[in-house]
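Visitor:
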Amino acid sequence: MAHSTPAWLAGPANAAPQGFVHAPDTTAGYWYQRPENTLPPPDFWSPYARNRPLPTPGVEARKAWIVGSGIAGLAAAFYLIRDGHMPPANITILDAAHVEGGSLDGAGDAERGYLIRGGREMNWNYDNLWDLFQDVPALELPAGYSVLDEYRWVNDRDPNYSRARLMHRQGAIKDFSTFGLSRKDQWEIVRLLLKRKDEVGDTTIAQYFNKGFFETNFWALFRTMFAFQEWHSLLEMKLYLHRFLDSVDGFADMSVVLFPKYDQFDTFVRPLTRMLREQGVRFQFDTRAYDLDFALAGEQRTVTGIRAMVGGEATVLPVAAEDLVFVLPGSMTEGTAYGDMDQAPVLARGGQWVGEAADTVRGWMAGLKER
Ligand SMILES: Cc1cc2nc3c(=O)[nH]c(=O)nc-3n(C[C@H](O)[C@H](O)[C@H](O)COP(=O)(O)OP(=O)(O)OC[C@H]3O[C@@H](n4cnc5c(N)ncnc54)[C@H](O)[C@@H]3O)c2cc1C
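Quick note on numbering: the sequence shown equals residues 7 to 377 in our numbering.
1) Quick check: F300 and T293, are their CB atoms within less than 8 Å of each other?
2) Use the C-beta contact count for V322: other C-beta atoms within 10 angstroms, 16 or more gives buried, fewer gives exposed.
3) With a threshold of 7 Å (Cβ to nearest heavy atom), would Y151 be considered close to ligand 1?
4) Could you give the first and the last residue of the continuous alpha helix (DSSP H) run that contains M231?
5) Where do the N-terminal and C-terminal ends of the alpha helix (DSSP H) with R249 fall, by residue?
6) Please determine whether the Cβ atom of I179 lies at a distance below 7 Å from any heavy atom of ligand 1.
7) How about the region 112-130 and the region 143-151: do they share at least three Cβ pairs that are nearer than 8 Å?
8) Confirm, please, whether the CB-CB distance from D259 to R68 is below 8 Å.
9) Which of the three DSSP states, helix, strand or coil, is assigned to Q290?
10) Is any heavy atom of ligand 1 found at a distance shorter than 7 Å from the C-beta of M92?
11) Under 6 Å Cβ to Cβ from W136, same chain only, skipping five residues before and after it: list those, please.
12) Quick check: the Cα distance between Y54 and I179, rounded to an integer number of angstroms?
13) If you check the beta carbons only, do G124 and D101 fall under 8 Å apart?
14) Please report the distance separating the alpha-carbon of I77 from that of G108.
15) Identify the continuous beta strand (DSSP E) that holds V309 and give its terminal residues.
16) Can you tell me where the alpha helix (DSSP H) with L278 in it begins and where it stops?
17) Does DSSP put T273 in a helix, in a strand, or in coil?
18) Just to confirm my understanding: we take N216, look at its own chain, exclude 5 residues before and 5 after, and list those with CB closer than 8 Å. What are they?
19) If you draw a straight line from the alpha carbon of R229 to that of Q235, how long is it in whole angstroms?
20) On the DSSP bridge assignment, give the partners of I72 in chain order.
21) So is the beta-carbon of D390 under 7 Å away from any non-hydrogen atom of ligand 1?
22) Please return the same chain residues whose Cβ sits closer than 6 Å to the Cβ of A256, not counting the five positions on each side in sequence.
23) Put D115 into one of helix, strand or coil per three-state DSSP.
24) Using only CA atoms, which one of W130, Y120, L298, V142 lies nearest to F84?
25) Which residue wins for smallest C-alpha separation from T342, given the options E117, I87, I122, G64?
26) Please state whether the Cβ-Cβ distance between T210 and H238 is less than 8 Å.
27) Just verifying my parser: in three-state terms, what is the DSSP assignment at V142?
28) Would you tell me roughly how many angstroms separate the C-alpha atoms of A70 and R118, rounded to the nearest one?
29) So is the beta-carbon of V73 under 7 Å away from any non-hydrogen atom of ligand 1?
30) Please state the DSSP three-state secondary structure of V42.
31) Identify which residue in L353, F250, F265, D272 has its Cα closest to the Cα of L199.
32) What number of angstroms, rounded off, separates the C-alpha of Q270 from the C-alpha of L80?
33) Could you tell me if the beta carbon of W249 falls within a distance shorter than 7 Å of some heavy atom in ligand 1?
34) Tell me, which residues are paired with D49 by DSSP?
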């Protein structure tokens, strides 16, 4: 999409030195207050954003349908209740799987094996996550303490750091005392940060950076921290740079990283879903949404029904005009394949309906939960 700099942004005051013009990113306009934009930006975090909005008139008569019970779907339900004042019983969370949590999983025992498809590293400024979990009661602390309190208790007393970030040359600790970035490398990083998302296009990381960049300690730290390959998307790298560059001084010894007490299911999903269930939110599993019905009126499209396979049967869940529908289809952990000590996992991609892979994978996990 072509971009033109708005008149209120143009001019020398907004031109970066040395010929860099900072074209605002998709949400950057929100940072410039003006009569037609007097509200804080949607991603603004400060005590000012910790207000509790007053109820929207009529919210008690509206329902919400949330497709996907990963952290995104659970957070949607949480905020609809806390900030949106929707009665919890009006909220239904649908999931193709047989258990909630999506990619935040953790189940099993020493006899049957464990299922944890990845550990999650966090840091202090996961603002939205901590905002949410400051209001979710901890499972193992007295009443009044939150999951955030528990998390701080664990991490403040058992801080994370590592004496060796990476080993090389058959057991030598790699020296990361400098990032090893040349002036050229530094400018390439700055330039990437200033680029608009839509300018980055389909470029790979390898296509963008000079060859020397890939020999630097910075790249070694960045790629091993966030699982980047040189053929990966440059846009994805840009987003990670924006998100985590403030943590860069803790990359070399991992001191920037926080870890939950247990796996992510037991630490986050279990207390949050307990709270939502106690409040009255309904969970409906074995329900794979595969299409939405719409009513069209000019430019406006309104969902009138959710087409879903419920227990293998095609069903339409009716949606009223005033209801809200949040669809979070697909999953990072969809298509997970398993091996064991004797069998390599076999990848089986393609030919699946949206959400279908979750049926089998999470079905196995639900079995492990029933202990
Ligand atoms: C190996 C690994 C390591 C990671 N490490 C980190 C980390 O260190 N730090 C970090 O912050 N993040 C990390 N992440 C990312 C993080 O775990 C995910 O971004 C997050 O859990 C995604 O949450 P979600 O709710 O968006 O989606 P998901 O958790 O994927 O949930 C989607 C849910 O929707 C359901 N669903 C999908 N389609 C349908 C449908 N059509 N109908 C019904 N249900 C449907 C699925 O069954 C699933 O339950 C990691 C992820 C992985 C896989």
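The beta-carbon is built from N, C-alpha and C at its ideal position, and this holds for glycine as well. Only a predicted model underlies this, so the values are computations on that prediction, with no experimental measurement involved.
Guide: By the coordinates alone:
1) no
2) exposed
3) no
4) 223-232
5) 240-250
6) no
7) no
8) no
9) strand
10) no
11) L154
12) 45 Å
13) no
14) 7 Å
15) 306-316
16) 276-285
17) helix
18) K190, D191, E194
19) 7 Å
20) I99, F332
21) This structure cannot speak to residue 390, because the chain is shown only from 7 to 377.
22) Correcting the residue type first, residue 256 is Gly in the shown sequence and not Ala. Counting only Cβ-Cβ distances below 6 Å, and skipping sequence neighbours, we find V262.
23) strand
24) V142
25) I122
26) yes
27) coil
28) 37 Å
29) yes
30) The identity of residue 42 in the sequence shown is Glu, whereas the question assumes Val. E42: coil per DSSP, three-state reduction.
31) F250
32) 14 Å
33) Here residue 249 turns out to be Arg, not Trp, going by the sequence shown. Answer for R249: no, Cβ out of range of ligand 1.
34) Looking at the DSSP assignment, D49 forms no beta bridge with any residue, so it has no partner.
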